[in-house]
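Here the protein sequences line up with chains A and B, keeping their order.
Using my numbering, the letters of the first sequence map in sequence onto residues 1 to 435.
Using my numbering, the letters of the second sequence map in sequence onto residues 1001 to 1338.
First up is the structure itself, then whatever we jot down about it.
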Amino acid sequence: MRHRFSHGVHPQQNKELTVDLPIQRVPFVGRYVLPLDQHLGAPAQATVNVGERVRRGQRIARPGGFVSTALHSPVTGKVMAIEPRRAPGGKFSPSIEIHADPFATQRLTPNPPIDWLSLTLEEFIHHIQWAGIVGLGGAAFPSHVKYSMPEGKKIEYLLINGAECEPYLTNDHRLMLERPDALLQGIAIVKRKLGAKRAIIGIETNKPGAIDTLRAQIKRIHKVDVMPLPVKYPQGAERMLIKAVFGYELPATKLPRDIGIAVNNVSSLVAIADYFGSGLPLIERIITVSGSGVTYPANLIVPIGTPLREVLRFCGGLREATKSVIMGGPMMGQPIGSLDIPIVKGTSGILAFTEKEASTTFELPCIRCGRCLAACPHFLNPSRLGRLAKARRFDEMRAYRLTDCVECGACSYACPSEIPLVQLIRTAKRESHQR
Amino acid sequence: MKRSDPRLIVRPAPFLKSAMTTQQAMLDVLYALIPVIGVSLWCFGLGAILVLAATVIGALLTERLFSPASQRIPLRMDVSTLVTGLLLGVTLPPALPLWMAFVGGAAAIGLGKLVWGGLGQNLFNPALVGRAFLMAAFPTAMTTWTPYQGPEGLFTVYSSNLAVPLMNSAFDGVTAATPLALIKFQHETPPLYPLLMGNIPGSLGETSGLLILAGGVYLLLRQVIDWRILMGLLGSVAILSGSLYLLDSAHYPNPLTALLSGGLLFGAVFMATDPVTSPITPKGALFFGVGVGFLVVLIRGFGGYPEGVMYAILLMNAATPLIERITQPRAFGRGGDT
Ligand code: SF4
Ligand code: SF4
């Protein structure tokens, strides 16, 4: 049985730049900046003071509420400042700056594995929260929240997102190739703890290596399946993935957990396996550095908090002709104005584009061609929404389901008049919220 | 700071863009039109080309002179105005005085587009607005059709082409009845083959069904036009005129003739499918196509004109906002409640 989600777009994948490059570890640098609000929800609260010495992996901030998570030091060193710093997205966020101790070995103090089998569900959720684990696909939504079910409800299916539908990015693909055992361990832990009946790993068919590797490994494992999915953007969006795997159109008023599904990114599950296996909290992540503006594209393990500049330096620096730098994928990523901002938990990639990709655009009026409607996976009318946004008629936009938009950018991608539809919609959402 | 970073342009995601641009879509329409224009040169000679040039100049000049600076598109990018001029020109009789053609081009852009607020804002198809304007202003000239000339007439310039503006002048003596006029007023069924090839009396380019269809296929493949409009239109004409033919084959043309004659194919491929003036919603597009087809059969069969495509499309243009409102897509995960 094959399902698919309707609409969507087929951008050029450009994954060949990095797909065959094994994951490398970047060396430690001198300075790390850790924004306290790098996950969705309430910011974390610092538990260290300026001048204090910290160990690598030591907790430096605690969750600021239930929908919030902890933060750990990526290096052994000294807290130099706790003050607002420029974060991805351009705004200033309260951040902890840590300078690495040049004489420290940066070796992790080995911890015994955590006996996750004997944990209750509450304890398990608490562990995940205090390990600072979030969705590593880009949204950085605290993982433990997805596992906390209202009374009387239960997760039946664990849906693992290995779609990696953003062009250029290959970090999840490499992870599935290089650490299938860790991924399956993470799946086993979460599946067991939540009491899910079945786990399904959805992978787009442009990653045959990952599909084969995982299939070979799960032969013996009960009730874990790999489901190949036809390549289409935005396959990795939660509701689209559920549609593609189960053929079920999740009502807009419901969350996946309301129908007993928990959706997890592959990297998050590996993070969970690593945490329970060696006590390693989330202090590093895998990113793809790619695009025509990067001298040596790569897949890297990067400590959270590493300045962008250092990561790019490791990759041979930016080419002269670089026009724009993006954090995340090319469809939903954030443009970067300064190379001094840090890698955060939600950073899945750094892309540098030259003229070739970052062509300057000339916006024409909407010719009502309908391409944006055919692209929108949420079946909205982006043309109409864009028009209303330009006229600042935000109230009318609600009737056109403004809030259903997931900001995937498929409409902007498709628009032949190069109207920045998703940008208009995003602004309208923000402004109508403020009123 | 040591060496300065490259100056980064900060603009919002997405950073990828599909290959199709509005300009490219207009160019595709242009490419699809070229064979049709070629055949009009073949059939009606140089005069035909002069008429086209006049409408295009009229359109471009009006756009350049009267469009507000805020919405002006650089000339080299403005394929849209060129296409409007050509589309209008192709629907005109080959012997039309050039000054009238020029006025038509100006009316198409002025009344059909600029007064509405420019590209993308107009309710009615601009080329058809220009044609409707000419029909109202110069009914005789607009319904005087010249016969097929063939290669001997390649360099023919009709004397009426060169008529002095606003003076009453005689039209070329040899006029010919279009196939639809034959059916309507003389109940004669014209042979099909010339309809396909184009050697029939008619307006400049609406004569060769085969080349128009080829253009249509190209535009469909490039996804520049919506198949729902095209299929809805052709399908409903075929079914409706087929039913009429079955009822009374003496009065009504057989469905194939109905499809191939007059401006129907041309209107279906190049006019009804204009994205600006047809519904943006998929369901609406189908509805629109069927509506145009229905009105064409209605006007041709029961109205006073032998030809009904222009009015059918203009009427459905007017209905487009309404159609759109009732065919808004239902959002994902929102069941039946629209
Ligand atoms: S309207 Fe929103 S959900 Fe639809 S394509 Fe655009 S960004 Fe994606
Ligand atoms: S894709 Fe762009 S030009 Fe086409 S209808 Fe949507 S907004 Fe208008």
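Even for Gly, the Cβ is constructed at its ideal location relative to N, Cα and C.
Note that the structure is a prediction, hence the values are computed from the model and not measured.
Taking the continuous beta strand (DSSP E) assigned at residue i, which residues delimit it?
{"i": "Q24 (chain A)", "result": "23 to 25"}
{"i": "I96 (chain A)", "result": "92 to 100"}
{"i": "K146 (chain A)", "result": "K146 (chain A) -> not in any beta strand (DSSP E); alpha helix (DSSP H) instead, spanning 143 to 147."}
{"i": "N161 (chain A)", "result": "157 to 162"}
{"i": "F353 (chain A)", "result": "349 to 354"}
{"i": "T322 (chain A)", "result": "322 to 327"}
For residue i, which three-state DSSP category applies?
{"i": "D274 (chain A)", "result": "helix"}
{"i": "G1173 (chain B)", "result": "Unreliable positioning characterises G1173 (chain B) in this predicted model, as indicated by a pLDDT of 44, which lies under 50. A coordinate reading is not provided."}
{"i": "T1338 (chain B)", "result": "Legend: pLDDT at T1338 (chain B) = 37, less than 50; position of this residue unreliable, no value from coordinates given."}
{"i": "F1266 (chain B)", "result": "helix"}
{"i": "V75 (chain A)", "result": "coil"}
{"i": "H126 (chain A)", "result": "helix"}
{"i": "Y168 (chain A)", "result": "coil"}
{"i": "I336 (chain A)", "result": "strand"}
{"i": "K1283 (chain B)", "result": "helix"}
{"i": "F1133 (chain B)", "result": "helix"}
{"i": "S268 (chain A)", "result": "helix"}
{"i": "K243 (chain A)", "result": "helix"}
{"i": "S1241 (chain B)", "result": "helix"}
{"i": "L136 (chain A)", "result": "coil"}
{"i": "M80 (chain A)", "result": "strand"}
{"i": "E204 (chain A)", "result": "strand"}
{"i": "Q1024 (chain B)", "result": "helix"}
{"i": "I221 (chain A)", "result": "coil"}
{"i": "A61 (chain A)", "result": "strand"}
{"i": "A252 (chain A)", "result": "coil"}
{"i": "M1001 (chain B)", "result": "Unreliable placement is indicated for M1001 (chain B), whose pLDDT of 40 sits below 50; the coordinate value is still reported in the next sentence. DSSP places M1001 (chain B) in coil when its eight states are reduced to three."}
Which residues mark the beginning and the end of the alpha helix (DSSP H) in which residue i is found?
{"i": "E396 (chain A)", "result": "394 to 399"}
{"i": "Q185 (chain A)", "result": "180 to 194"}
{"i": "S383 (chain A)", "result": "382 to 390"}
{"i": "P303 (chain A)", "result": "First-last for P303 (chain A): 298 to 303, but that is the beta strand (DSSP E), not the alpha helix (DSSP H)."}
{"i": "L280 (chain A)", "result": "From DSSP, L280 (chain A) is part of no alpha helix (DSSP H); its letter is neither H nor E."}
{"i": "I114 (chain A)", "result": "I114 (chain A) -> no alpha helix (DSSP H), and no H or E assigned at all."}
{"i": "P1321 (chain B)", "result": "1309 to 1326"}
Alpha carbon to alpha carbon, what distance is there between residue j and residue i?
{"i": "V1296 (chain B)", "j": "E431 (chain A)", "result": "47 Å"}
{"i": "V54 (chain A)", "j": "R371 (chain A)", "result": "53 Å"}
{"i": "T213 (chain A)", "j": "F1287 (chain B)", "result": "50 Å"}
{"i": "T1338 (chain B)", "j": "T109 (chain A)", "result": "With a pLDDT of 37 at T1338 (chain B), under the threshold of 50, the modelled position of this residue cannot be trusted; read the value that follows with caution. The alpha-carbon atoms of T1338 (chain B) and T109 (chain A) are separated by roughly 58 Å."}
{"i": "G51 (chain A)", "j": "E97 (chain A)", "result": "10 Å"}
{"i": "D1172 (chain B)", "j": "Y1218 (chain B)", "result": "Any reading at D1172 (chain B) needs caution, since the residue's pLDDT is 48, under 50, leaving its predicted position unreliable; the model's value is listed next. Their backbone Cα atoms lie some 36 Å apart in a straight line."}
{"i": "L1123 (chain B)", "j": "V226 (chain A)", "result": "51 Å"}
{"i": "V1174 (chain B)", "j": "S1160 (chain B)", "result": "Note on V1174 (chain B): pLDDT 49, under 50, position unreliable in the model; the coordinate value appears next. Approximately 12 Å between the Cα atoms of the pair."}
{"i": "V1237 (chain B)", "j": "S1249 (chain B)", "result": "16 Å"}
{"i": "L1264 (chain B)", "j": "T1091 (chain B)", "result": "11 Å"}
{"i": "K345 (chain A)", "j": "H3 (chain A)", "result": "32 Å"}
{"i": "N381 (chain A)", "j": "L388 (chain A)", "result": "11 Å"}
Going by C-alpha to C-alpha distance, which of the options sits closest to residue i?
{"i": "H127 (chain A)", "options": "A:I343, A:K254, A:D115, A:L136", "result": "A:D115"}
{"i": "R239 (chain A)", "options": "A:H378, A:V294, A:I419, A:L34", "result": "A:H378"}
{"i": "P440 (chain A)", "options": "A:T322, A:T69, A:T354, A:L282", "result": "There is no way to answer for residue 440 (chain A), as the model of chain A reaches only from 1 to 435."}
{"i": "G242 (chain A)", "options": "B:P1126, B:F1332, B:L1050, B:G1045", "result": "The residue you asked about is not Gly; residue 242 (chain A) is Ile in the sequence shown. Cα-wise, what sits closest to I242 (chain A) is B:F1332."}
{"i": "S73 (chain A)", "options": "A:L380, A:P35, A:L159, A:P330", "result": "A:P35"}
{"i": "E204 (chain A)", "options": "A:P230, A:E396, A:L40", "result": "A:P230"}
{"i": "V1290 (chain B)", "options": "B:T1320, B:G1117, B:I1229", "result": "B:I1229"}
{"i": "A1268 (chain B)", "options": "B:R1007, B:N1125, B:S1018", "result": "B:N1125"}
{"i": "M149 (chain A)", "options": "A:T47, A:L255, A:V75", "result": "A:L255"}
{"i": "I200 (chain A)", "options": "A:D181, A:T47, A:H222, A:R31", "result": "A:H222"}
{"i": "V9 (chain A)", "options": "B:A1019, B:I1280, B:G1105, B:L1315", "result": "B:A1019"}
For residue i, go through chain A and note every residue whose CB falls closer than 8 Å to its CB, in chain order.
{"i": "L1016 (chain B)", "result": "P11, Q12, P167, P330, M331, E357, Y413"}
Give the interface partners of residue i over in chain B, defined as CB-CB distance under 8 Å, in chain order.
{"i": "N381 (chain A)", "result": "I1280, T1281, Q1328, P1329"}
{"i": "P365 (chain A)", "result": "Q1071, G1118, L1119, G1120, Q1121"}
List, in chain order, every chain B residue whose beta-carbon is nearer than 9 Å to that of residue i.
{"i": "V33 (chain A)", "result": "Ordered by position in chain B, no residue passes the 9 Å Cβ test against V33 (chain A), which lies about 17 Å from the chain."}
{"i": "Q423 (chain A)", "result": "R1011, P1012, A1013"}
{"i": "K323 (chain A)", "result": "P1006, R1007, L1008, I1009"}
Which residues of chain B have a Cβ atom closer than 7 Å to the Cβ of residue i, listed in chain order?
{"i": "H436 (chain A)", "result": "Summary: the structure shown does not reach residue 436 (chain A), with chain A confined to residues 1 through 435, and so no result is reported for it."}
{"i": "S268 (chain A)", "result": "Ordered by position in chain B, no residue passes the 7 Å Cβ test against S268 (chain A), which lies about 22 Å from the chain."}
{"i": "F92 (chain A)", "result": "By Cβ distance, chain B contributes nothing, its closest Cβ being about 16 Å from F92 (chain A), past 7 Å."}
Check whether the Cβ of residue i lies closer than 9 Å to any Cβ atom in chain D.
{"i": "L250 (chain A)", "result": "Given the protein chain composition of this structure (A and B), no chain D is represented."}
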